[in-house]
Amino acid sequence: MNWLTSFARPKLKALFIKRDTPENLWFKCKNCGEMIFHRDMLTEQHVCPSCSFHMKIGPKERFDNLFDDSDYDLIESPKVPADPLKFKDQKKYSDRIKEARNKTGQEDAIVIAIGTLDGLPVVVTVQNFQFMGGSLGMAAGEAIIKSVEIAVQKNAPLILVTAAGGARMQEGIMSLMQMPRTTIAVQLLREAGLPYIVVLTDPTTGGVTASYAMLGDVQIAEPGALIGFAGPRVIEQTIREQLPDGFQRAEFLFEHGMIDLVVHRHDMRKTLSRIIHLLMNKKPISPEELAKLRKAKAQEKTNGETLALQGPMEEKQASLEGDDSIKIDIEDVTRLSKLAGHTP
Ligand SMILES: [Zn+2]
């Protein structure tokens, strides 16, 4: 590899990449063919207004949708050895990684951020399907472990948004090793008594569903998401039976008890907020208090100080007991607490 191929060529290519042209102002829904204006796409959070089809979105859109005021701090991805097997198929693995990095601007498939959700500090980790199919390799495995460590350190719940085709085959056994590693990491959250919420998005398959993606205290899925281990064709060939309609889709899994909730993207933020506040036994703060905190945070930033996520937020959190301002469904609490392994 010389500077011509590794440095000059990508720079030259970048010159010829199409800029935003008027045709990019309109998106076509893959499901119903409806044309959607780009500004509407943002307000609709990439959900088709006509048929409610949930399009794939990346970490930035997720974080913007979930965190208070779309304000969050990104956590640096952990470094791992690159291409340990010196793998090559039609293309070199190192080249594939480079391409994915250029395309997404990410180090690897998983991005971690910390911020608040209705005032409660929370770690949100997002798997990006655009980065080599969101595949689970060493870097992704390390990132999951780091998310857990940060959640434990900050005493914050972990929300993991999954999207993956499975393990990253170019890393062979090293990628498979991430399955037990991440499983053990999830156990650390359990020991710390912190909620671990999984949001399954389209598609979540393979080794990811065989490890951390199915270990949440509460398992949520977006409507229509494909969730499974092996694909339907492989299953049909193995069991020699035709599979029912909608097999491995979120709604089907919900009906059969594999997941707890199917939540529309527009309701995701408030559902997650309700669940983590219930499980942490905290009350969501009022908009006025949120505004105050926002001011304080802006002040801190201008003072060049780092945000102490714990301090000011904790004080604002009152106990749930004796407060009539929020209505809690007792069944909801019991069910969620059971799921989380806590006694209500
Ligand atoms: Zn549509």
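Going by the numbering used here, the sequence shown opens with residue 1, and the numbers climb by one from there.
Where a beta carbon is used, it is the ideal one built from N, C-alpha and C, also for glycine.
On a predicted model such as this, the values are computed, not experimentally measured, just so you know.
Quick one: grab the DSSP three-state call for residue i.
i: P232; result: helix
i: M35; result: strand
i: V262; result: strand
i: D267; result: helix
i: T182; result: helix
i: Q187; result: helix
i: R294; result: helix
i: K283; result: coil
i: I275; result: helix
i: F27; result: strand
i: T209; result: coil
i: A8; result: helix
i: R62; result: helix
i: D69; result: helix
i: Q248; result: coil
Is it true that the CB of residue j sits closer than 9 Å to the CB of residue i?
i: A221; j: T205; result: no
i: D376; j: L25; result: Past the boundaries of the shown model lies residue 376; the chain is included only from 1 to 344, so the question cannot be answered.
i: Q248; j: G228; result: yes
i: V123; j: K103; result: no
i: I144; j: T182; result: yes
i: M132; j: P81; result: no
i: A109; j: G134; result: yes
i: S77; j: Q45; result: no
i: P223; j: A192; result: no
i: K56; j: F129; result: yes
Just mark residue i as buried or exposed, buried being the case when its beta carbon has 16 or more other beta carbons within 10 Å.
i: L272; result: buried
i: K146; result: buried
i: K282; result: buried
i: R240; result: exposed
i: H277; result: buried
i: L136; result: buried
i: Q187; result: exposed
i: T162; result: buried
i: P203; result: buried
i: D20; result: Note that D20 scores a pLDDT of 49, beneath 50, so its modelled location is shaky and nothing firm can be said.
i: S184; result: A quick correction: the sequence has Ile, not Ser, at residue 184. I184 comes out exposed.
Quick one: Cα of residue i to Cα of residue j, how far?
i: I75; j: K91; result: 31 Å
i: P157; j: A8; result: 44 Å
i: L261; j: P287; result: 27 Å
i: R294; j: Q127; result: 28 Å
i: Q178; j: Y212; result: 10 Å
i: D267; j: D71; result: 19 Å
i: D89; j: I173; result: 16 Å
i: P244; j: G119; result: 43 Å
i: H38; j: F27; result: 7 Å
i: T396; j: G166; result: Look at the range of the chain in this structure, 1 to 344, and you will see that residue 396 is not part of it.
i: L160; j: I197; result: 6 Å
i: K363; j: D73; result: Any answer about residue 363 is impossible in this case: the structure gives the chain only from 1 up to 344.
i: Q299; j: S6; result: 43 Å
i: Q317; j: A296; result: Legend: pLDDT at Q317 = 47, less than 50; position of this residue unreliable, value from coordinates given subsequently. C-alpha separation (whole angstroms): 16 Å.
i: Q170; j: Y93; result: 7 Å
i: M214; j: V47; result: 25 Å
i: I285; j: K11; result: 48 Å
i: D83; j: S50; result: 44 Å
i: E34; j: L189; result: 43 Å
Output yes if chain D places a C-beta closer than 9 Å to the C-beta of residue i; else output no.
i: T116; result: Going by chain labels, chain D is absent from the structure shown, which holds only one protein chain.
Report task. Would you list, in sequence order, the uninterrupted alpha helix (DSSP H) runs of no fewer than 4 residues that lie entirely inside the region 152 to 180? Result -> List check, alpha helix (DSSP H) in window: 172 to 176.
**Report entry** Continuous beta strand (DSSP E) assignments of at least 3 residues falling wholly in the region 87 to 156
**Finding:** Listed in chain order, they are 110 to 117, 120 to 127.
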